[in-house]
Amino acid sequence: MSIATLFEIVLAAVVLGLAIWTITVSETYSAAVGFVAYGLLVALIWVRLDAVDVAMTEAAIGGGLGGIVLLGAAARLRESEAMTAERPGRVVRLCAAALSASIAMVLAVAVLILPDPAPTLAPTVISNAGATGLANPVTNVLMAFRAMDTMLEKVVLMLAIVGVWSLASDQAWGGRPGPRHEADPNGVLAFLARLTPPAGIVIGIYLLWTGADHPGGAFQGGAVLASMWLLVIMAGLADTPPVSSRSLRLILVAGPGVFLVVGLGGLCFGPAFLAYPVAFAKPLILGIEVAMTLTIAATLALLLAGAPERSATR
Amino acid sequence: MPPPAPTLTTTTGSVLLVLSIVVPVAGVLLAFALGDRYCRLVVFTVMPFGIAIAAAILMLLPLSEGHLVYLLGAWPPPLGVALRADGLSAVMLATVAIVICAVAIFAATDFRPTEAKTRAPFAFWILLLAIWGALNTIFVGGDLFTLYVALELLTFAAVPLVSLDGRAETLRSALRYLLFALLGSVLYLSGTALLYGLHGTLDILLLSHRVSVEPGALIAAALMTTGLLAKTALFPLHLWLPPAHAGAPAAASAILSGLVVKGSFFILLRLWFDVMPALPGFAVPQLLAALGAGAIVFESVVALRQERLKLLIAYSTLAQIGYLFLMFPLAFGASGRLESGQALAGGLLQAISHATAKAAMFMAVGSIYGGLGHDRITGLRGVARALPLSVLAFALGGIALMGLQPSGASLAKELLLQKAMSTGQWWWAIVLQAGGIFTAAYVVLVLAHALAPADEPIALISPASRSRDLAALALALCSLSLGLMPWEHYLPLPHGGALKLFDLDALSKFLLPAMGGATLAILLSPWPHPLACSAVWKNLMRVLGPFRRTCLGFGGLVERGDDALRQWPAASISLVVVTLLLAASMFAANS
Amino acid sequence: MSAVTVFGLCAAAAVGVGLYGLITNPQPLRKIIAFNLLGSGVFLLFGIIGRRGAAAGSGNDPVPQALVITGVVVAFSATALAIALTLRLFETAGSMTLRSRAPTGPNSDPSAG
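The listed protein sequences derive, respectively, from chains A, B and C.
Take 1 as the starting number for the first sequence in UniProt numbering and just add one per residue.
Take 1 as the starting number for the second sequence in UniProt numbering and just add one per residue.
Take 1 as the starting number for the third sequence in UniProt numbering and just add one per residue.
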C-alpha cells in the first residue's frame with residue numbers, strides 16, 4: 001500500500017466520521033460546524049480526484065457560503081431547539097438505518113461494477129477546445145458545449161432570490177434584507193472589513209480571469225466577491241441595498257440576460273442559439289462571465305442576507 | 001460495442017423549440033428587472049407569443065415526420081445538448097400554454113399590483129412565467145441533466161407559490177414540499193451519474209441506443225424512477241401535496257395541481273418509453289400501477305371525507321395521479337417489453353384532461369371561496385343560485401373528468417380499457433372502472449351540496465367576477481371537448497379509434513359510473529347530506545343505515561392509515577422501500 | 001485499492017448517512033444539513049465517474065465536473081431557500097406553536113411529522 005493510498009483511506013475515514021457526527025450530534029449548531037469542516041475535507045477529496053475546479057466551487061459555495069448560512073440559521077434558532085419535536089422511536093431509527101445502508105450498498109456496488117475502460121468525453125472536449133479559444137476544459141463545457149444548462153441554472157439562482165424575497169411581510173416589501181449590522185468602527189471586524197476587500201476583489205477578478213485557461217471561473221470568483229461584500233455589510237460599513245432598487249435588479253439579471261442576448265446573437269447571425277463565432281468566441285464568453293460573476297456575487301450575498309426586513313429609508 | 005449512433009442534425013423550423021424556452025425565460029428576466037409594477041404587463045405581453053409558438057409547433061410537427069431536433073450551439077450530442085420534440089411534447093406544450101393563459105386571466109384581478117400590495121403580485125407573475133419556461137424545457141429537453149435543471153427550476157418556482165400568503169401553515173407546507181422534492185431530485189441525479197458512468201452520455205436518443213440490461217442501468221432506473229415518483233406525489237410518497245395545493249391561492253393551486261406534477265410525470269414517460277423501453281420486465285409496471293391503484297382507493301376515500309372543498313380537490317388530484325400510472329402495465333404488456341403506444345396515448349390524454357379540468361375546478365372553487373368567504377362543503381347550499389357560472393365551471397370540469405363523451409378522459413379511459421382487455425389484464429380494467437366511479441363520487445357529492453336550495457339567499461362577501469368565471473369555464477369546456485381533437489397526428493392511436501358520439505352505449509358508460517359514484521358518496525361522506533330532511537332520504541337510511549355506518553367506519557380507518565403514511569419518517573422510509581422494491585423486481589425480471 | 005475505489009465507497013456511504021439523517025432528524029434545519037451531505041455524496045459519485053474517465057491529458061472528465069459545478073450551485077440555492085423558509089416559519093409560528101396542528105390533519109408539521 002502506497003503512502004498516497006494510505007492518505008486517501010484516512011481522508012475518506014475522517015470525512016465519513018465527520019458526516020456521521022454531523023448527523024448524530026445533539027446540538028444543531030455543532031452539526032452546522034461539523035458540516036463546514038466536512039465541506040472543506042470534501043474539497044480535499046476533489047483535489048485528489050484531480051478536479052480542482054470542483055474543489056474550489058465546493059470549498060467556496062458548498063462548504064463556505066453554505067456553511068455560513070447554516071451557522072447563521074442555527075444561531076438564530078438555538079433557543080427554540082429545546083422544545084422541538086423528539087426523535088422518532090428506536091424501531092423507526094433502526095429501519096431507517098438498515099434501509100439507508102442498503103441504498104448505500106446498492107450505490108457502492110453500482111460504482112464498483114462500472115465498465116472498464118470507462119466511457120469519457122474528455123478527448124472530445126479537448127479536441128474541440130479550439131472553437132472557443134479557452135484552455136480550461138471545464139469552462140468550455142460550462143460556457144459552450146452545455147451552455148443551456150448554465151444559463152438555466154442562473155435562472156434557478158434568480159428564482160431562489162424571488163422565493164426568498166417572497167417571504168417578506170407586506171410592510172417590509174421593497175426594503176432592505178437582513179438586520180442592520182452595527183459593529184464597533186474601531187473593532188477587529190471593521191478593521192478586517194477595511195483591509196481584506198481590496199485583496200479579495202483582486203483575487204475574485206483573478207479567479208474569473210484565470211478561469212479561461214486554468215481552474216477557476218465565474219462561480220469561484222463570484223463566491224469570493226460575495227464573501228467580501230458580506231464582510232463589509234457585517235462590519236456595518238455598508239448596508240444591504242433595498243430590494244426595490246433598480247440598479248440591484250439590473251445586476252441580478254445581468255448574468256442570465258447577457259447570456260441570453262449573446263445566445264440570441266448566435267441564432268440571428270451565427271449557426272445556432274448559444275453558438276459563438278470562432279473569431280469572437282473568447283471575448284464573448286469572457287463578457288458573459290464578467291456579467292455572471294457580478295450576478296453570482298450579488299445573488300449569493302443576498303441569498304445569505306435573507307428576506308427584506310426593514311424599510312428602505314431607515 | 002454499442003450500435004452506431006443515429007445521425008443528429010437540426011431540422012428545419014426547430015428553432016421554435018428554442019423560442020418556447022427563451023420567450024418565457026426572457027419574460028422572467030424582464031419582469032424581474034422592470035420591477036413590481038410591470039410584472040403583470042410582461043406576462044400578458046409574453047402570452048400571445050407563447051401561444052403562437054405552441055400552435056406553430058403543433059402545425060409544423062406533422063409536416064416534419066413527427067420529429068423536431070435542435071442542436072444548441074450547433075454542438076451535436078454527446079458533447080452538446082439537443083432539444084427534441086415529438087407528438088407528446090407538442091401536445092403538452094399546447095396544453096401548458098392554454099392552462100397558463102387561462103390562469104393568468106383568472107389571476108389578473110387577484111394579483112393586480114397596487115400601491116399597497118406589490119409583494120405577492122411580483123412573486124406570482126414571475127413564478128408563473130418561470131413555471132411555463134421550466135415545463136417547456138422539460139417537454140423539449142433531450143438531455144437527462146438538462147431535464148434535471150428544468151425540474152429544479154420547476155420546484156423553485158412552485159414552492160414559493162405555496163406560501164404566497166405567508167401564513168404559518170402554508171410556510172410549513174412549502175417547507176415540507178421543498179424538502180421532499182429535494183430528496184426526489186437527489187435520487188434522480190444519482191441515477192444520471194450512474195448512466196453517465198455506463199455510457200458516457202446523458203442524451204436521451206443516444207442512451208436509448210446504448211442502454212442494455214445491465215445491473216448499473218437497472219439501479220439507475222430504480223433511483224431515477226423513485227425520485228420522479230416523489231416529485232409526482234404518487235401514493236405513498238404524497239405527504240406534501242394536499243396541504244401545499246389546498247393552502248395556496250386559487251390561481252396557484254390550479255397551476256400546481258394541473259401542471260406542476262405533470263412535469264416530473266413527463267420525465268418518467270421519457271425515461272421508460274424513450275431511454276429504457278427494454279428494461280422494466282413484468283413486475284415493475286405492475287408495481288407502479290399497484291401504487292396507482294392504492295392512490296385511487298386511499299385518496300378517493302379520504303377525499304370524500306374532507307370538509308373543505310379545496311382539500312377535497314387536492315386529495316382527488318392524488319387519486320387522479322394514481323390513475324395516470326395504470327397505463328404502465330398496459331403499455332408494457334405481459335412480456336415486459338414495450339408493446340404499443342396505445343396505452344401511452346391513453347395515459348397522456350388522461351394527463352392533459354386532468355390538467356385542464358383540474359385547473360378549471362380549482363379556479364371555480366377559488367371563485368366560490370372568494371364569494372362565500374369559506375369553502376366548507378356543508379355550507380355550499382344555494383351557491384349554484386348565487387354563483388351560477390362558477391358552479392357550472394366546476395360541474396363541467398367534473399363531468400369531463402368523469403368521462404362524458406366527448407371529453408378527453410372518456411377517450412383515454414376507452415383506450416386504456418381496450419388495451420387492458422386485449423392484453424388480458426382484466427384486473428386493471430376493474431381498477432380503471434373503480435377510478436371512474438370514485439371520480440364521479442366526489443363530483444356528485446359537491447354538486448349535490450351546491451345545487452341544494454338554500455333556506456335563505458346567500459350574501460356574497462365579494463361580487464362574482466365575469467372574467468374569472470369565463471376563464472374557468474373555457475378550460476372546463478376545453479377538457480370536455482378534447483376527444484374531438486385530431487390526435488392521430490401526434491399520438492399513436494389505433495386506426496378507426498374515433499369515438500361514436502352520443503349513442504346509447506356512450507350514455508350508459510357515463511350514467512352507470514355516475515350512479516355508482518352517487519352511491520359511494522352517500523356511503524362514504526360523513527357530512528350531513530343536503531337531502532337529509534326529506535322522506536326519501538329517511539327511507540333510504542332505514543335500509544342502508546347499518547351498511548353506511550360500516551362504510552363510514554372503514555373510511556375512518558383509511559383516513560387514519562393515510563395520516564400515518566403522511567408522517568415524514570413513514571413517507572421517506574416508503575421512498576427508500578420503493579427504490580429497493582423497484583430495483584429488486586427489475587433484477588428478478590432480468591436475471 | 002485505488003483512489004476511485006476508496007472514494008467511491010466513501011461517496012456511497014455519505015449518501016447513506018445523509019439519507020438516514022434526512023429520514024430521522026425531526027428539525028428542518030437538521031434535515032437541510034442532511035440533504036447537503038446526501039447531495040455531496042451524489043456529487044462525489046460524479047467525481048469518481050469523471051476520474052475513471054481521465055483521458056487526453058485531463059485528470060478528470062470535464063463533463064461530469066461541469067455537471068457537478070452546476071449541481072453545487074443549485075443545491076446551495078435550495079439550501080438558502082429552505083433556510084429562509086425555516087426562519088420565516090419560526091418567526092411567524094413563534095416558538096410555542098412550531099408543532100401546532102395545521103388545518104389539514106395532525107401531521108402536516110415538518111418538524112414533528
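No residue lacks a Cβ here, since even glycine has one placed at the ideal position from N, Cα and C.
Keep in mind that this is a model prediction, so the values were computed, not measured.
Secondary structure at residue i, three-state DSSP: helix, strand or coil?
i        : result
Tyr490/B : coil
Arg146/A : coil
Ser166/A : coil
Val91/A  : helix
Thr55/C  : Residue 55/C is actually Ala in this sequence, not Thr. Reduced to three states, the DSSP call for Ala55/C is strand.
Ala454/B : coil
Tyr148/B : helix
Tyr276/A : coil
Ala235/A : coil
Glu182/A : coil
Ala122/A : helix
For residue i versus residue j, is the C-beta distance shorter than 8 Å?
i        : j        : result
Ala357/B : Gly397/B : yes
Ala108/A : Gly53/C  : no
Gly263/B : Ser173/B : no
Ala441/B : Val383/B : no
Leu144/B : Leu187/B : no
Ile313/B : Leu161/B : no
Tyr38/A  : Thr22/A  : yes
Leu128/B : Ile100/B : yes
Taking residue i as the reference, which of the options has the closest Cα?
i             : options                                   : result
Gly178/A      : Met158/A, Tyr276/A and Arg76/A            : Arg76/A
Leu475/B      : Leu512/B, Ala97/B and Thr226/B            : Ala97/B
Ala409/B      : Ile430/B, Cys478/B, Arg468/B and Met363/B : Cys478/B
Ala290/B      : Leu171/B, Ala319/B, Glu414/B and Ala314/B : Ala319/B
Phe554/B      : His529/B, Gly50/B, Leu520/B and Arg566/B  : Leu520/B
Ala233/B      : Ser422/B, Ala181/B and Val213/B           : Ala181/B
Ala293/B      : Met327/B, Phe265/B and Ser212/B           : Met327/B
residue 624/B : Thr423/B, Ile377/B and Ile368/B           : Not covered by the structure: residue 624/B. The range shown for chain B is 1 to 591.
Glu153/A      : Ala199/A, Arg93/A and Phe259/A            : Phe259/A
Grab me the residues of residue i's own chain with a C-beta within less than 8 Å of its C-beta, minus the 5 sequence neighbours each way, in chain order.
i        : result
Asn136/A : Asp53, Gly211, Ala212, Asp213, His214, Pro215, Gly216 and Gly217
Ala5/B   : Confidence at Ala5/B is low in this model, with a pLDDT of 47, below 50, so the placement of that residue is unreliable and no value is reported for it.
Arg40/B  : Ala108, Phe111, Arg112, Pro113, Pro121 and Trp125
When you compare the CB of residue i with every CB in chain B, is at least one pair closer than 8 Å?
i        : result
Arg249/A : yes
Thr5/C   : no
Val42/A  : no
Among the residues of its own chain, which have a CB less than 6 Å from the CB of residue i, if the five just before and after it don't count?
i        : result
Leu493/B : Ala345 and Trp487
Glu182/A : Gly236
Ala297/A : Gly222, Leu225 and Ala226
Gly227/B : Gly184, Leu187 and Tyr188
Ala54/B  : Leu93, Ala94 and Ala97
Cβ-heavy atom distance between residue i and the ligand SAH below 7 Å?
i        : result
Lys154/A : Among the ligands in the structure shown, none appear at all, so the ligand SAH cannot be discussed.
For residue i, I'd like the list of residues in its chain whose CB is within less than 7 Å of its CB, leaving aside the five on either flank, ordered along the chain.
i        : result
Phe273/B : Leu338 and Leu344
Val42/C  : Val15
For chain C, is any of its Cβ atoms less than 8 Å away from the one on residue i?
i        : result
Arg172/B : yes
Glu152/B : yes
Ser2/A   : no
Pro76/B  : no
Ala193/B : yes
Does residue i have its Cβ less than 8 Å from a Cβ in chain A?
i             : result
residue 620/B : Residue 620/B lies beyond the range of chain B shown here (1 to 591); nothing can be said about it.
Phe35/C       : no
Phe32/B       : yes
Ala93/C       : no
Thr97/C       : Any reading at Thr97/C needs caution, since the residue's pLDDT is 35, under 50, leaving its predicted position unreliable; the model's value is listed next. Answer no: the Cβ-Cβ gap between Thr97/C and chain A never drops below 8 Å.
Lys117/B      : yes
Ile573/B      : yes
Against chain D, with Cβ distances strictly below 8 Å, would residue i count as a contact?
i        : result
Ser100/A : Here the protein chains are A, B and C, and chain D is not one of them.
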